[in-house]
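The structure appears right after this line, and notes come after that.
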Amino acid sequence: MTSTPILVALAGQPNCGKSTVFNLLTGARQHVANYPGVTVEKKTGSFSIGETRVELVDLPGTYSLTSYSLEERVARDFLLGDNPGVVMDVADASNLKRNLYLTLQLIEMEVPTILDLNMMDVAERRGQKIDILGLEKILGIPVVPTTAKRGAGREQLREAIVRTADTTRESVFRVNYGPMEPYIRELLERLKEEPLLSVQYPLRWLAVKLLENDAEAMDLLGRNHPDADRILEATEAARSKFAAEEGNEVERHIAFTRHAACAAISRKVVTMPTERKRSLSDRADRYICNRYLGPIILVAILMVLYQVAIVFGNWLALQVWPAWGALEDFAADVLPAAGFMDDPLLRSLGLWVVKSTTAILNYLPIFFLLFSLIAILEDSGYMPRMAFILDRLFRRFGLHGQSTLPMILGGVYVGGCAIPGVMATKAIPDERARLATIMIVPMMNCLAKVPLYLILIGAYFADVGGFAMFFIATVTLFMALPVAKLLTLTVFKKHSSAPFIMEMPPYHVPTVTGVLRRAAERVWLFLKKIVTVVAAVAVVVFVLINYPGLTDARKAHYAEAEVKAVDGFMAEVEKTGYQGRINRDDVLSIILFDEALKRAKQGVTDQEKSNVINQRFEVRNPVYYAVVKRVGGDGKALNRAIKKVNRVRKQVRRESRAERFETSFLGVMGRTLEPVTQWAGFNWRINIALLSAFAAKENSAATLGSIYGLDGSQSVQESMKAGESGFTALHALALMLFMALYPPCVPTSIMVRHQSNSTKWMLFSIGYQTLLGLFVASLVFTGGTLLGLSGFQAMWAFYGLCVAVTLGMGLIPVPEETEATPVITAICKDNCS
Amino acid sequence: MKKLMIVLTLASLLAFAGQAFAHSPLMSCFDNGDGTVTCEGGFSDGSSASGVKIHVTDGGGKSLIETNMNQDSEVTFKKPDGAYMVIFDGGAGHTVEVNGADIVE
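Sequence order for the protein chains is A and B. Heads up, the first sequence is in the numbering used here, so the first residue is 1441 and it goes up one at a time. Heads up, the second sequence is in the numbering used here, so the first residue is 23 and it goes up one at a time.
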């Protein structure tokens, strides 16, 4: 053996214990990076066997090696491009039949493979006996049984690596594709004509892939073969001929042959205790995949999911909030003290960033529950079944069966959040459907849009509130589905779509540790990715809404109010015994002292404890304490006076903030946009509210509130009605629809960026939703005005239009629809009877 | 399409099952020691609570005071005699209740 390091690739299907094997070999020393150009994580580590260095690269977990999903493509490119000396295929021994599917493809690629039968303990516990030698003989590759969890099999693996790297032994096993073999042979002959190709790539594999119509294989041929076009033509002809003769698509035939080969091998080498478990799964599938019962069970499961993740999650988030609140208080304590009107920049910016971050951290319990539930759905084996049930429906709109979960989380009806929704699109194997789902999830009704709906409905549709709520809650789906279809037919046309091939694994009960570990890993990933970006974005938004700032004249105006308030307080001081002990500089300090005392007592419900805190503050500054806690007659008088000052301070801060905001870059933008938005019925004030909502949807209601200058006696609805006399129900309807279609908020946009792995798609998502929102709002407002419709009439006219468009869109075929559908039924029929 | 309608009907049923809000309402109350109580409201994401309805009820749930949070998301009211509850009512799922007994000086 030479001293050149051996490159070992670790391949395996999800949940086969691949990471444990990785840690077993490397001792958990690892380096994590991304594969070039993609967000798929690349974990590498190294160790020595004697004199030899071994570089271990963890490939993404994949069921198969087609080029449909990003993970599969990454794994395959590595195998072809980086020429690993050994490929270690980790398989779940207790689930050999399913795991062999990948093994056979590796063997077909003629890479030097070792089969690691991991989780032998599970297989034994289930009473399965595996004939290791028999399996070695059939496959012609080393087979090593391990239980990586307990550290068993490490030496044997290392020994097998050295042995395999030394030899150039080729596997003797070959999947017999039966009636397809003549076609493969014919194509092989043609491929052999180009000698360079046969040195670089396994030709039989390439031939099979070409017949399978694999986009990457065709690409590869185009790059490496001078006569690629002629060969592709011949392949296409062979495909149609095969389909005509056998009455079966090539892809299906290949998938079935491989599954059959796996089943045959596993029958030969695995002795099952009884067929009880499998048949139990089959029996369960008879109901779960049933045409009528299936959807009902699905909805019931989603309902539980929603209740636990969103409803219970919100409750939990509230329980956890004090922790984040403490973080805010801590930041408020350590940052420079507040001023009377303006705070030091470090304080206002620091608090803004912390606030933006805690606003996201607040969702953490929801995410943790959500990820745990998704892990349960995945581990139990229900996920592929759910996708199967809804795939037919969603595929009509360019979506995928697995688009269900993201849409539910985003708020298909009312009450979701786009961030976990977009995040959940990760599971969709079909890239085109995944992008389409990412683009429409933000159009769902997230909870943050609700306050604005409530305000507008309360003000303009009060007598028909229930109908109006139903309208806005359901119309979004009828807008989203056609949009998904439209995007699929246009901008996503070039993206690859995967036929729905998915083996239904047998059900099994997920383990608590497995689920928790996976949830914790994902939460951690989320934190790492989101929180840092949110902090950065918060700074940008801060600048946009605070600068260029007030003019000197306005600043002087507010300063004058401050001086007057302090003068009033000092006049009171002169009348008391504190004369000379409290001077002008103390005024702000007293107010801050009062705030600090309140913060210290927040959440304290016990008078004893409260007294202790009071005492601490009294010792710190008895004079301030006397004013704040109304000690003695002088204290009472000054307390009244300081309250007056505090009211002025709050008013000055509030008004100057609103003014700063209106004259800020964002505010100016709102005014500039008025000529465009007038067709939708939006004036500059509404524009500003909508712009601020981009930072976080919740802002819209708050901003409208502050702009319309409400006070305690009036609700936002009332002051809005009073402030905007020309504002009609039609305006309100246009505003609601715009809000529904409004671009995703900043955190969601960042999530879109992560999930689509492209800034371009993020900008597209923001751009098209803005334009669409503006278009729909203008259509409703201008159209409604021209037709003389009332807001309520326009509402239902628009609803009818959306439903009609949805039905119409559903009838336009998606390019691959015709060939994808039979694959689903056939595969599932096999399992779902 | 029939299937679409079935799924949609079921989905709406599902959604009616519960509404909640992804940002949490917050309220803390203090006894001012002068026979008044001040409550400060807000939301976990920093949204203002101005205009939010505040109900003060007696031990039996009978309404004593109906008011709104002011522009500074605060409300000050006369402390009722005996047991009372302060309810921050921001709509469905947006409610916080604070027991008067837990409001200390």
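Note that the Cβ used here is the ideal one computed from N, Cα and C, for glycine as well.
Min CB distance residue i to chain A below 7 Å
i         : result
B/Asp-124 : yes
B/Asp-111 : no
B/Asp-56  : yes
B/Phe-99  : no
B/Ser-46  : yes
B/Asp-94  : yes
B/Ser-50  : yes
B/Ser-66  : yes
Beta-carbon proximity list for residue i, same chain, < 6 Å, skipping 5 on both sides
i          : result
A/Val-1602 : Ile-1489
A/Asp-1769 : Arg-2039
A/Leu-1660 : none
A/Phe-1808 : Ala-1959 and Val-1963
A/Glu-1495 : Pro-1445, Leu-1447 and Ser-1486
A/Glu-1548 : Trp-1645
A/Ile-1671 : Arg-1630
A/Pro-1454 : Gly-1501
A/Gln-2195 : Val-1862, Thr-1865 and Ile-1878
Run of the alpha helix (DSSP H) containing residue i, from where it starts to where it stops
i          : result
A/Ile-1736 : 1733-1746
B/His-77   : No alpha helix (DSSP H) holds B/His-77; the beta strand (DSSP E) holding it covers 75-80.
A/Phe-1911 : 1905-1929
A/Tyr-2065 : 2062-2068
B/Val-97   : First-last for B/Val-97: 96-100, but that is the beta strand (DSSP E), not the alpha helix (DSSP H).
Cβ shell of residue i (< 8 Å), same chain only, five flanking positions each side left out
i          : result
A/Ala-1999 : Met-1781
A/Glu-1652 : Thr-1506, Val-1690, Glu-1691 and Ile-1694
A/Glu-1511 : Val-1480, Pro-1500, Gly-1501 and Thr-1502
Min CB distance residue i to chain B below 7 Å
i          : result
A/Pro-2253 : no
A/Thr-2045 : yes
A/Ala-1592 : no
A/Ser-1459 : no
A/Lys-2090 : yes
A/Trp-1761 : yes
A/Arg-2070 : yes
A/Ser-2308 : It is not possible to answer for residue 2308 of chain A, since the shown part of chain A is limited to 1441 through 2273.
A/Lys-2038 : yes
A/Leu-1758 : yes
A/Gln-2055 : no
A/Gly-1525 : no
A/Gln-1842 : no
A/Asp-2104 : Note on residue identity: the sequence assigns Ser, not Asp, to residue 2104 of chain A. So no, A/Ser-2104 is outside the interface.
A/Ser-2050 : yes
A/Asn-1986 : no
A/Ala-1802 : Here residue 1802 of chain A is Asn; the residue named in the question, Ala, does not match the sequence. Interface residue, yes.
Residue range of the beta strand (DSSP E) that includes residue i
i          : result
B/Thr-58   : 58-65
A/Lys-1483 : 1481-1489
B/Glu-88   : 85-90
A/Gly-1452 : 1446-1452
B/Asn-121  : 117-121
A/Arg-2287 : Residue 2287 of chain A is absent from the model: chain A starts at 1441 and stops at 2273.
A/Asn-1558 : 1553-1558
B/Ser-50   : 47-53
A/Asp-1532 : 1526-1532
Other residues of its chain near residue i: CB distance less than 7 Å, five sequence neighbours each side excluded
i          : result
A/Thr-1442 : In this prediction, A/Thr-1442 has a pLDDT of 49, which is less than 50 and means its spatial position is unreliable; nothing more can be read from the coordinates.
A/Gly-2006 : Note on identity: in this sequence residue 2006 of chain A is Val, with Gly being the wrong assignment. So the list reads Arg-2024, Val-2027 and Val-2085, once near-sequence residues are dropped.
A/Leu-1775 : Leu-1786, Arg-1787, Gly-1790 and Leu-1791
Residue i: CB within 6 Å of a non-hydrogen atom of the ligand SAM
i          : result
A/Met-1620 : This structure does not include the ligand SAM; it has no bound ligands of any sort.
*So, do the stretch 1905-1920 of chain A and the stretch 2177-2193 of chain A have three or more beta carbon pairs nearer to each other than 8 Å?*
yes
_Unbroken stretches of the alpha helix (DSSP H), 4 residues or longer, contained in the stretch 1581-1636 of chain A_ = 1594-1606 and 1621-1632
*Which runs of the alpha helix (DSSP H) fall wholly inside the stretch 2075-2109 of chain A and span at least 4 residues, in chain order?*
none
*Any chance you could list the beta strand (DSSP E) runs of at least 3 consecutive residues sitting entirely within the stretch 1797-1842 of chain A, in chain order?*
none
*asked:* Threshold first: 3 residues or longer. Then list the beta strand (DSSP E) segments lying entirely within the stretch 1974-2036 of chain A, N to C.
replied: none
*Touching or not, the stretch 82-101 of chain B and the stretch 52-68 of chain B, by the rule of three or more beta carbon pairs under 8 Å?*
yes
*Between the stretch 1641-1652 of chain A and the stretch 1610-1625 of chain A, do at least 3 Cβ pairs fall closer than 8 Å?*
yes
_Which complete alpha helix (DSSP H) runs does the stretch 1843-1888 of chain A hold, if anything under 4 residues is left out?_
1844-1850, 1858-1863 and 1871-1880
*How do the stretch 1669-1686 of chain A and the stretch 1535-1542 of chain A stand: do at least 3 beta-carbon pairs fall below 8 Å, yes or no?*
no
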